[in-house]
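End of the sequence shown sits at 172 in the numbering used here; the numbers just go up one at a time, nothing left out. One structure is given below, encoded as structure tokens.
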Amino acid sequence: MALKRTSLENYTLLLVELEKMRDTAFHPKTFLKKIRPFCKTSHLKYKWLFIRIRGSNIGISIQIQSDCFVIRQNQSIHEFTFYCTSHKMLIGKLLKHNLLTF
71 MALKRTSLEN YTLLLVELEK MRDTAFHPKT FLKKIRPFCK TSHLKYKWLF IRIRGSNIGI
131 SIQIQSDCFV IRQNQSIHEF TFYCTSHKML IGKLLKHNLL TF
């Protein structure tokens, strides 16, 4: 495996990792640990998560609310609201809606 991967390689590896994941309850700290090898991450008190596929210029902001996740794609005015309970479901929806594209 190369030390420097392109954004497409990271995106593909994240798809493969998604298949291996189990449906477990969402916890922001654990979510960041699982996605960190493929994405550059930061957070603000675990209420706002900032994620960008490594090698990409565009990322997303995830606002964690009590019953949903509000996703905003950086450099865009679009906002998405996802109601899900597990890491696997959230990552699956992000990939399905092409929010982590490069």
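Every residue gets a Cβ at the ideal spot worked out from N, C-alpha and C, and that includes glycine.
With DSSP as the reference, identify every bridge partner of residue i, one or two as the case may be.
| i | result |
| --- | --- |
| I132 | L119 and I141 |
| L114 | W118 |
| F152 | F139 |
Out of the options, point me to the one whose CA is closest to residue i's CA.
| i | options | result |
| --- | --- | --- |
| L119 | L165, K103 and N127 | K103 |
| Y153 | R142, I123, S136 and N144 | S136 |
| F150 | S131, P107, K158 and S156 | S131 |
| L83 | R106, L160 and T100 | R106 |
Look up residue i in the DSSP assignment and say whether it is helix, strand or coil.
| i | result |
| --- | --- |
| F108 | coil |
Would you mind sorting residue i into buried or exposed? The rule is 16 or more other CB atoms within 10 Å of its CB.
| i | result |
| --- | --- |
| K90 | exposed |
| R92 | exposed |
In angstroms, rounded to a whole number, what distance separates the CA positions of residue i and residue j?
| i | j | result |
| --- | --- | --- |
| K166 | A95 | 20 Å |
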